[in-house]
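K.L.:
Sharing a structure with you now.
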Amino acid sequence: MTLQSADLKTDIVESVCASYISFMESITEVLETSHDDDQGVSIATYIDVIREGFSNNSIPNDQWYAKILSGEELSLGAGALDQSSEVITSGEQFLLSTSIMSFANVRVSYNLLCLAYRDLQESVALVRAHYRKSTMDALKNFSNSLRDNNEQNLSSLRDIYNVWIDKAEEAYYQSVMTLNFSENFGDMINNTSTMQKARKVFEASIDDMLSSGEWRKLTEKKSLTARDGEQLRLLLKK
Amino acid sequence: MSRVTLSLESAQQEIQRFKKQSAQTFEVFEKLSDAQIGFMPRDALTEIEGVTLFKYQGRNKTSEAIPVLVVYALVNRPEMVDLHRGRSFVESLVAKGYEVYLIDWGHASTDNTTLSLEDYVVRYLDFCVDFLREYLARERVSLLGVCQGGTFSICYASLFPNKVESLITAVTPVDFHTSDDMLSHLLRQIDIENLAEASGDLSGNFLNTLFLCLKPYRLMQQKYIRFIERINDSDALNTFFSMEKWIFDSPVIPPRVSEEFVENFYQGNKLIKGNLFIGGREVETQNLTMPILNVMASDDHLVPAAASQALAFIAPNSAYTEYSIPGGHVGIFVTLSANSILADKVDTWLRSLGFAK
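Line by line, the protein sequences give chains A and B. Each residue of the first sequence is one higher than the last, beginning at 13 in our numbering. Each residue of the second sequence is one higher than the last, beginning at 99 in our numbering.
Right under this line is the structure:
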């Protein structure tokens, strides 16, 4: 098997670099104003401030402490939502703008898609709530660890970062290994599957509609409608 | 005294050093020559429906070389056991005088909705074992199953004990419901049939994402930082690059196979609870009467030790030995020291049975 240099996930590496540099620069900023004998406490205080800010906001995707758990890689369901949101919006506009009372199956399949989309949104929100709690716990444990002078000395930014990774991983494990998470995660994956299947049914109904004689008759009179139909079909096939 | 003792100057230098290293990373990518995964030369002996039985070419071949058939998992490619020179478990075994055979499951089609667990565990594996029995003029063959391949091997050996001389399992899940098994925990509530129907297959991105979900901070951040810090270490670079290629190269797994595996093992835990049927035949592990060596990785986040150790309890009629090697699930095969230790353990055990001369 031959490797290609482009096989390495350069986008991931770039993102990780930026995140780690952000971490290091944040900590260094704290060091600029701290005394030598209270560096640990100063950094811990900074972490506490982050945690408090985080508790008041939705997960910011670009912060070093939240980036991992907010990425699409982990929110499998969120990726599916993003892929279908434009279909939902375009589908609604299309159905509103065209008189397709004789294509009842299209409307039914669209409604089922919307229901599936809504269920997935709810389950993604529940999984994200777990990730949020995990991040909060991780920050708290990280702060506590930095204040604990009985623990191993940290003499580099990398050392400090390693502690963060340990605490983040521990908090994540504790959060994930609960029955509640297992159920919510399972619901998210199951709802993703249901939505993907509903989308395929909707796509098939649009295909049937656009290929039908009745549709051709309608669009002979309204050319704009024909174009909208084709655009929706193309969107569904993405 | 503060837990943190770091001068501002050191911190700033550390940042600059990392920025310089990360800038070099992309230059290195441009210049990196294409590397190979899969180091040892091998010959295809036979094939069945895209599944190939390979024989690795030996260097110290003797008439008394002991044959071992490596049975790999369906998830990811089998080249992990033969990454490159110095990091090849196959190389280590061959150097000790073993004849190493390997089943490459090939690349199934996403359109194939008929292939089932029976096809892999019984039909293909049995075909390869029977071929080897005839090829080697031996009644029985030693199996070495890796991870899911180990689970397959356990099932096969239970169904056909008269064809298996000895069974070696490495990082193999047996009890899928141990309290620390995160992968099982994530899969437990998933409607796998619905998922397979929606996605077409359960390989590729979904499985890779699930594996990353087990240790997201280490696998999606810390790992890459370590790679950048070693940007001037060509061996480390090569290994990292090889591993990344291997990790993200997930073959298609036919949907029905994934469904059956998840339902029977991850959700049903039938090797422990019983009532496991493959192709209409009951897998009765009390038929495991051949000697068994069960090797675990001490730091295995995919298959916790307890998940593997359960083999001792379901094979009461076997002369059972277990051993734990320092390292991770994949690390015991690819790190310089661990893969030698693994080969040593296999060799020592087989010699103790009188199989190796």
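Positions of the beta carbon are idealized from the N, C-alpha and C atoms, including for glycine. All figures in this text were calculated on a predicted structure; none of them were measured in a lab.
Please confirm if ASP23/A has its CB atom under 8 angstroms from at least one CB of chain B.
P.N.:
By this cut-off, ASP23/A is not an interface position.
K.L.:
What does the Cβ neighbour count give for LEU127/A, buried or exposed, with the cut at 16 atoms within 10 Å?
P.N.:
Exposed is the call here.
K.L.:
Output, in chain order, the set of chain B residues within a Cβ distance shorter than 9 angstroms of GLN51/A.
P.N.:
Under the 9 angstroms cutoff, chain B gives SER100, ARG101, VAL102, THR103, LEU104.
K.L.:
Look at GLU357/B and ASN392/B and say whether their C-beta atoms are less than 8 angstroms apart.
P.N.:
Result no, Cβ atoms of GLU357/B and ASN392/B do not sit closer than 8 angstroms.
K.L.:
If you measure from the beta carbon of HIS283/B to each beta carbon in chain A, is any gap under 8 angstroms?
P.N.:
Interface residue, yes.
K.L.:
Looking at chain A, which residues of the region 163-188 of chain B have a Cβ within less than 8 angstroms of any of its Cβ atoms?
P.N.:
Hits within the stretch, in order: ARG175, GLU177.
K.L.:
Please check if any C-beta of chain A sits within less than 8 angstroms of the C-beta of GLN287/B.
P.N.:
Chain A, which has a Cβ nearer than 8 angstroms to the Cβ of GLN287/B, makes this yes.
K.L.:
Shortest alpha-carbon distance to LYS153/B belongs to which of HIS182/B, TYR196/B, VAL173/B, THR383/B?
P.N.:
Checked all of HIS182/B, TYR196/B, VAL173/B, THR383/B; the closest Cα to LYS153/B is TYR196/B.
K.L.:
Compare the C-beta of GLU357/B with all C-beta atoms of chain A and state if any pair is closer than 8 angstroms.
P.N.:
Closer than 8 angstroms: no.
K.L.:
Going by C-alpha distance, which of TYR170/B, GLU145/B, LEU242/B is nearest LEU448/B?
P.N.:
Answer by Cα proximity: LEU242/B.
K.L.:
Is it true that the CB of HIS399/B sits closer than 8 angstroms to the CB of LEU312/B?
P.N.:
Against a cut-off of 8 angstroms, the Cβ pair of HIS399/B and LEU312/B comes out as a contact.
K.L.:
Leaving out the 5 sequence neighbours to the left and right, which residues in its chain are closer than 6 angstroms to ASP131/A when beta-carbon positions are compared?
P.N.:
Contacts found: ASN203.
K.L.:
Give the DSSP bridge partners of ILE390/B, in chain order.
P.N.:
For ILE390/B, which the question treats as bridged, DSSP gives the partners LEU265/B, TYR418/B.
K.L.:
Compile a chain-ordered list of the residues in the region 142-167 of chain A whose CB is closer than 7 angstroms to at least one CB of chain B.
P.N.:
Those would be LEU158, ASP160, ASN161, GLU163, ASN165, LEU166, SER167, in chain order.
K.L.:
Let me know the secondary structure DSSP gives GLN255/A once reduced to three states.
P.N.:
Only positions 13 to 250 of chain A appear in this structure, which leaves residue 255/A out of reach.
K.L.:
In chain A, what lies closer than 9 angstroms to MET280/B by C-beta?
P.N.:
Going along chain A in sequence order, the residues near MET280/B (Cβ under 9 angstroms) are TYR185, VAL188, MET189.
K.L.:
Listing by chain order, which chain E residues have their CB less than 9 angstroms from the CB of LYS209/A?
P.N.:
Here chain E cannot be found, since the structure's protein chains are A and B.
K.L.:
Of all the options PRO389/B, SER120/B, LEU143/B, which has the alpha carbon lying nearest to the alpha carbon of SER416/B?
P.N.:
Minimum Cα distance to SER416/B is reached at PRO389/B.
K.L.:
Count the CB pairs spanning the region 85-102 of chain A and the region 192-202 of chain A that are closer than 8 angstroms, and state whether there are at least three.
P.N.:
Contact between the region 85-102 of chain A and the region 192-202 of chain A is present, because at least three Cβ pairs lie under 8 angstroms.
K.L.:
Check whether chain B comes within 8 angstroms of GLU44/A, counting only Cβ atoms and requiring the distance to be less than that.
P.N.:
Yes - at least one Cβ of chain B is within 8 angstroms of the one on GLU44/A.
K.L.:
Are the CB atoms of ILE80/A and MET318/B within a distance shorter than 8 angstroms?
P.N.:
Yes; because the gap between Cβ atoms is below 8 angstroms, this pair is in contact.
K.L.:
Thinking C-beta only, is THR144/B closer than 8 angstroms to PHE229/B?
P.N.:
Against a cut-off of 8 angstroms, the Cβ pair of THR144/B and PHE229/B comes out as a contact.
K.L.:
Might you give, ordered along the chain, the residues of its own chain that have their beta carbon closer than 6 angstroms to the beta carbon of GLU216/B, omitting 5 neighbours on each side?
P.N.:
Excluding positions up to five away in sequence, the list reads ILE376, GLY377.
K.L.:
Which residues in chain A sit within 9 angstroms of GLN384/B, going by Cβ to Cβ distance?
P.N.:
The contacting residues do not exist; GLN384/B stays about 32 angstroms from chain A at best.
K.L.:
Say whether chain A places a C-beta atom closer than 8 angstroms to the C-beta of THR150/B.
P.N.:
So no, THR150/B is outside the interface.
K.L.:
Determine the chain A residues that contact GLN320/B at a beta-carbon separation under 7 angstroms, and present them in chain order.
P.N.:
Those are ILE177, listed as they occur along chain A.
K.L.:
Kindly confirm or deny that the region 158-165 of chain A and the region 45-55 of chain A touch, where touching means at least three C-beta pairs closer than 8 angstroms.
P.N.:
Verdict: yes, contact present.
K.L.:
Using beta carbons (cut-off 8 angstroms, strictly below), is ILE351/B in contact with chain A?
P.N.:
No, because no Cβ of chain A sits closer than 8 angstroms to the Cβ of ILE351/B.
K.L.:
Quick one: give me the first and last residue of the beta strand (DSSP E) that LEU241/B is part of.
P.N.:
Start and end: 239-244.
K.L.:
I'd like to check one pair, ARG354/B with THR41/B: are the Cβ atoms closer than 8 angstroms?
P.N.:
Since the displayed chain B opens at 99 and closes at 455, residue 41/B lies outside it and no answer follows.
K.L.:
Just to confirm before moving on: does the CB-CB distance between ILE172/A and ILE59/A stay below 8 angstroms?
P.N.:
No, they are not a contact pair.
K.L.:
Taking the Cβ atom as the reference point for each residue, do SER256/B and ASN385/B lie within a distance shorter than 8 angstroms?
P.N.:
In contact: SER256/B and ASN385/B (Cβ atoms closer than 8 angstroms).
K.L.:
Is the beta carbon of ALA408/B less than 8 angstroms from the beta carbon of ILE370/B?
P.N.:
Yes; because the gap between Cβ atoms is below 8 angstroms, this pair is in contact.
K.L.:
Using DSSP's beta-bridge definition, name the partner residues of PHE152/B.
P.N.:
ALA142/B, LEU200/B.
K.L.:
State yes or no: is the C-beta of TYR32/A within less than 8 angstroms of the C-beta of ILE323/B?
P.N.:
A contact, by the Cβ cut-off of 8 angstroms.
K.L.:
Quick one: using the 10 Å Cβ neighbour count with 16 as the cut-off for buried, is MET99/B buried or exposed?
P.N.:
Label assigned to MET99/B: exposed.
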